[in-house]
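First comes the structure, then the notes that go with it.
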Amino acid sequence: MRTVDVARRAGCSVQQVRNLERDGVLPPAERTASGYRLYTETHVQAAVAYRALAAGTGPVEAKRIMRAAHASPGSGLLALLDAAHARLAAERRDLALARRAAEAIGAEPIEDVRPSDAMTVSELAAALGVRPSTLRHWDAEGLVVPGRTGPRGARRYAPADVRDARIVHQLRLAGHRIAPLRALMPDLRSTRRWDEVRTALAARDASINARSRSLLEAAAALAVLLPASSAAPVTAAP
């Protein structure tokens, strides 16, 4: 096949095919006496696999997996694929926790508050049933950042801060980790419409499903490239 034939079948440009070969995503093509590249079905499957992997894991990890497929199509390659699926599975678990937490805290009161409802770190910790050090950790991580009062800069949690702390507490109880929670909290602060949060969570669910399907398509293309010896059965010990 010519370069343009591979490009058409893989759904990419001629220049992308050349770039993928240069980057080791495609195996080196044979050349004619006049220097023209000659591609085979293997190159098409490699390009198809890469595009699906890029959609599922990103281009950097996709190139890493494809290079492994050509260099050592054994347990090393399979470990990279397993890790990609594991990352998606972790995202799916985090999403399920976020959904449950959003339903649990969607009815949190936000209107009937007074300035006098502000709390010190000790008062809020007692109300939530956590240690003051936990609230200080949330402050350091940017999850709940209270104002400061007095010459010593004591923390003072305004009603909005108290509500943020209650939300964080519920999300942490639901198993949400600090890093994804740090990304979620600005959205929860900026909107009081929980339907928008649910819409964002649904969009994230659709993204995970699309990437998971892309990995499935990539696996089918990779299976064509792998030699049978790379999937040799494991014999049980006597």
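Read in order, the letters of the sequence shown correspond to residues 16 to 253 in the numbering used here.
Yeah, the Cβ is synthetic: ideal placement off N, Cα and C, and Gly gets one too.
{"query": "I'd like to know whether the C-beta atoms of Val29 and Tyr65 end up nearer to each other than 8 Å.", "result": "no"}
{"query": "I need the straight-line Cα distance from Met16 to Ser229, nearest angstrom please.", "result": "26 Å"}
{"query": "Tell whether a beta-carbon distance below 8 Å holds between Leu68 and Ala233.", "result": "yes"}
{"query": "Between Ala104, Asp109, Ala116 and His184, which has its C-alpha nearest Ser142's C-alpha?", "result": "Position check: residue 142 holds Ala in this sequence, whereas Ser was assumed. Out of Ala104, Asp109, Ala116 and His184, His184 has the C-alpha closest to the C-alpha of Ala142."}
{"query": "Out of Val75, Ala48, Gly50 and Gln31, which has the shortest C-alpha to C-alpha gap to His58?", "result": "Gln31"}
{"query": "Leaving aside the five residues before and after Ala77 along the sequence, list all residues of the same chain whose C-beta is less than 6 Å from its C-beta, in chain order.", "result": "Tyr65, Leu68 and Ala69"}
{"query": "Using only the alpha-carbon positions, how far apart do Gly71 and Ala169 sit?", "result": "47 Å"}
{"query": "Go ahead and pull the three-state DSSP assignment for Glu156.", "result": "coil"}
{"query": "In this structure, how does DSSP classify Gly162 when only helix, strand and coil are distinguished?", "result": "strand"}
{"query": "Under the three-state reduction of DSSP, which class applies to Met134: helix, strand or coil?", "result": "strand"}
{"query": "Taking the alpha-carbon positions, what's the Val159 to Glu36 distance?", "result": "49 Å"}
{"query": "Please classify Asp179 as buried or exposed, where buried requires at least 16 neighbouring CB atoms within 10 angstroms.", "result": "buried"}
{"query": "Quick one: grab the DSSP three-state call for Tyr65.", "result": "helix"}
{"query": "Return helix, strand or coil for Leu216, following the three-state DSSP convention.", "result": "helix"}
{"query": "State yes or no: is the beta carbon of Ala62 nearer than 8 Å to at least one beta carbon in chain B?", "result": "Among the chains of the structure shown, chain B does not appear; only one protein chain is present."}
{"query": "Based on the DSSP output, what are the partners of Leu53 in its beta bridges?", "result": "Glu45"}
{"query": "Please list, in chain order, all residues of the same chain as Arg33 whose beta carbon is under 7 Å from its beta carbon, the five residues on each side excluded.", "result": "Thr18"}
{"query": "Between His152, Tyr172 and Ile182, which has its C-alpha nearest Pro161's C-alpha?", "result": "Tyr172"}
{"query": "Can you tell me whether DSSP reads Arg82 as helix, strand or coil?", "result": "helix"}
{"query": "What is the rounded straight-line gap between the Cα of Arg82 and the Cα of Val75?", "result": "11 Å"}
{"query": "Whole angstroms are fine: how far does the CA of Ala84 sit from the CA of Leu237?", "result": "8 Å"}
{"query": "Measuring CB to CB, does His191 end up less than 8 Å from Ala113?", "result": "yes"}
{"query": "According to the neighbour-count rule (16 or more other Cβ atoms, all chains shown, within 10 Å of its Cβ), is Asp109 buried or exposed?", "result": "buried"}
{"query": "Classify Ala217 as buried or exposed, calling it buried when 16 or more other Cβ atoms lie within 10 Å of its own Cβ.", "result": "exposed"}
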